[in-house]
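Each residue of the sequence shown is one higher than the last, beginning at 13 in my numbering.
The beta-carbon is built from N, C-alpha and C at its ideal position, and this holds for glycine as well.
As the structure is a computational prediction, the values presented were derived from the model and not from experiment.
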Amino acid sequence: MIIKDYDKFIIGGLGGEKKLRGTVEIKGAKNAALKAMAAAVLFDGLVTIDNVPETKDIHTMSEILKSLGTRVEWKESTNKGTKVLEIDSSKITSTDIDLELAKSMRASVVLTGPILARFGKVSFPAPGGCVIGERPIDLFLEGYQKMGAKINLDGDIYKIEAQNGLEGADIFFDIQSVGGTETLMMVAVLAKGTTILKNCATEPEISSVAEWLNSCGANISGIGTTTLLIKGTDGKPFSSNNSYKTIPDRIEAGSFLILGALCARELQITKCKPDHMEAVINLLKKSGVSIKVGQEEIIITNNSKDRVPFKAVNVRTHEYPGFPTDLQAPMAVFLTQALGESSVFETIFEGRFKYAEDLIGMGADIKILNSREIVVKGPSVLKQLPEGEDLYAHDIRAGFAVVLAALVSKGTSKINNINLIDRGYQRLEERLKLLGADVRRV
Ligand code: EPU
C-alpha cells in the first residue's frame, strides 16, 4: 500500500480504560539497519541485511544508495513476516549524496564515512537544524580531518577528499555521539593503520554493526565499551556475500511497553531483546507497572484502571544504557497518568518537548521549565482537543507519544504529519488495530 505524505490518523480514545490486549511482534531496529545499509558500501559486492523494518527512513536510505549507483532490492526473508534487503555496491558511480534526499533524513550523514573510506572522496549537503535540536556534524568533520581528509564548504555542500587515503588517528569525542561513533568506526575499518576512538557511544545498534563487520574481516576491539581500537585494511574493501541480521528495535519495544502500561489489560511483546531495555523496564516497574520479562519477550499482565495508580518517577535521559531520549516523549505521556509530580530532564537534545503543548491542550498538567526540563503532575483526565484543533507528530517519537495520548483520552483525535511516525514505525495503525484499538489512516 502506498503511504502518502499527507496521511492522517483518526483515533478513538479509550477514555482511560485499559482495554487493548494481544501480542505485538517487534521489528528490526531501524537505527541498526540504516547503519548496516551504510556499511554495505564498504563491501566490493553483494551483502544482505535481514529483519529490515519497512519504514520510511529505510526507503530514503535505499533511494540515496541507488542514486550513487548501488543496486538495492527488497526480498522475502526465510523468517516469516520479515524482509531482506540485498545491496550490491560493486558498481557505485557517484560519491555525491543527493541534496533533497539527504535533507529529509539526518542519518544520511552516516553514509559519508563509508563513501569517503572506500572512494577517497564524498560530497553532501550541510544538514540544517532539525525539529529535535541543532544536531551539528562537527564530530564527523573533526574526525575526517584527523584522519587526513581535506574539507571544503562550497555554498552549503561539503566536499571532502583524502587523495592519499585515510590514516588511522587518535580521536576523542567531546560528546558521546551514536552517529559519530558509527561513522568514524566505518571509516577506520578501511583506513591505513590503527585508529583509537575514545568516549564512544555504546548503543547496542553500534555494537551489533561492529560485530558484523568483524565477522566480515574488520578488526575492531573494545566493542560495547567507550574505547574502540580499530586496525584498518589499508583501503581494501570487504568481500561480498556477507549477511547481517538486524537486532530487535529496543525503542519500538519500549514504545509498545509504555502503550501497554497505559492502554492494555494484557500485552505480550515478542521478538524483542529485554536486555537492551533495562532503563525503561526498571522505571516502569518502579512506577508500579506489572511486567514479566522473558528471554525474548516482555509481558504486561493483569493491568486495569481499578488497580493502585502508577506512581510518579523522575526521568533523566542518558546515553545507553541510561534512559533513551527516544522514549522521553512516550514516557511523559505515561507520567500524565501517574500519581504525583515527575520531572523529565532531556540531556541529549534541546527542543524535544514540542509535544508537551499538545498534551497541555488535551488537559495534561505540564509545566515547561526550559528547553531541557518539564514537570508533569498526574493523574490527569486527557480529552480530545477542542473542535477544529488537531494533534501533530513533531518527530518520530513525539508522534508516537501523541498517538498514545489520543488512545488514552476521551473522544476522537486527528493526528497530522504522520509521515514522521512512518519514518520509524512500520504500519503502526495495523498493529494497533490487532490489539483492539480504533485507529484509522485517512
Ligand atoms: N552532536 C554534536 N556534534 C556531532 C554529532 C552529534 O554535537 O557532530 C550532538 C547532538 O547534537 C546531540 C548529541 O551529540 O546533542 C548526541 O547525538 P547523536 O550523534 O548520538 O545522535 P544521532 O546519531 O544523530 C541517533 C539516533 C536518534 C537518537 C540519538 C540518541 C539514528 C539514525 N538516530 O541520532 O534516533 O535519538 O542517536 O540516541 O541512529 C529516532 O530514531 O527517532 C532518533 C532520533
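Could you spell out where the alpha helix (DSSP H) holding Arg409 opens and where it closes? 408-420
Roughly how far, in whole angstroms, is the beta-carbon of Glu358 from the beta-carbon of Ala324, given that I think they are within contact range, below 8 angstroms? Their Cβ separation, rounded to whole angstroms, is 17 angstroms, which puts Glu358 and Ala324 out of contact at 8 angstroms.
When the Cα of Asp182 is compared with those of Ile281, Asp166, Cys212, which residue comes out closest? Cys212
Under a three-way DSSP split, which group does Gly141 fall into? With a pLDDT of 47 at Gly141, under the threshold of 50, the predicted position of this residue should be treated as unreliable, and no value is reported.
Just checking Thr337 against the ligand EPU - is the residue's beta carbon closer than 7 angstroms to any of the ligand's heavy atoms? yes
Below 6 angstroms CB to CB, which residues in the same chain sit around Gly27 once its five sequence neighbours on both sides are set aside? Lys422
Would you call Arg130 buried or exposed, if buried means 16 or more other Cβ atoms sit within 10 Å of its Cβ? buried
Spatial distance of Gly141 from Met117 (CA atoms): Note that Gly141 scores 47 on pLDDT, short of 50, meaning its location in the model is unreliable; the coordinates nonetheless yield the value given after this. In a straight line, the C-alpha of Gly141 is about 12 angstroms away from that of Met117.
Segment contact flag, the region 273-293 with the region 18-38, C-beta cutoff 8 angstroms, min 3 pairs: yes
Within the region 94-182, note down every full beta strand (DSSP E) run reaching 3 residues or more, in order along the chain. 95-100, 133-137, 162-166, 169-173
heavy atom of the ligand EPU below 7 angstroms from Asp100 C-beta: no
Shortest alpha-carbon distance to Met197 belongs to which of Gly167, Ile187, Phe152? Phe152
Say the cut is 7 angstroms; is the CB of Gly40 nearer than that to a heavy atom of the ligand EPU? no
Quick check: what's the CA-CA separation for Ser251 versus Gly57? 7 angstroms
Cβ of Leu456 within 7 angstroms of any heavy atom in the ligand EPU? No answer is possible for residue 456: it lies beyond the span of the chain, which begins at 13 and ends at 454.
Nearest to Gly448 by alpha carbon, out of Ala44, Gly272, Ser79, Thr124? Gly272
Provide the residue span of the beta strand (DSSP E) that contains Leu271, from first to last. Leu271 -> not in any beta strand (DSSP E); alpha helix (DSSP H) instead, spanning 262-275.
Straight-line gap, Glu98 to Asp402 (C-alpha atoms, nearest Å): 40 angstroms
Please report the residue range of the alpha helix (DSSP H) in which Leu381 lies. Leu381 -> not in any alpha helix (DSSP H); beta strand (DSSP E) instead, spanning 377-382.
Is Leu123 close to chain C? Criterion is C-beta to C-beta, closer than 8 angstroms. The displayed structure is made up of one protein chain only, and chain C is not part of it.
C-beta atoms of Gln349 and Gly390 nearer than 8 angstroms: yes
From Val64, Val415, Pro398, pick the residue whose C-alpha is nearest to that of Ile270; which is it? Val415
Can you grab the Cα-Cα spacing for the pair Leu178 / Ala230, in whole Å? 16 angstroms
Nearest to Ser267 (by Cα), restricted to the options Phe55, Ala41, Lys243: Ala41
Out of curiosity, what's the CA-to-CA distance linking Ser219 and Glu399? 48 angstroms
Just list the residues that DSSP pairs Leu351 with in beta bridges. Lys323
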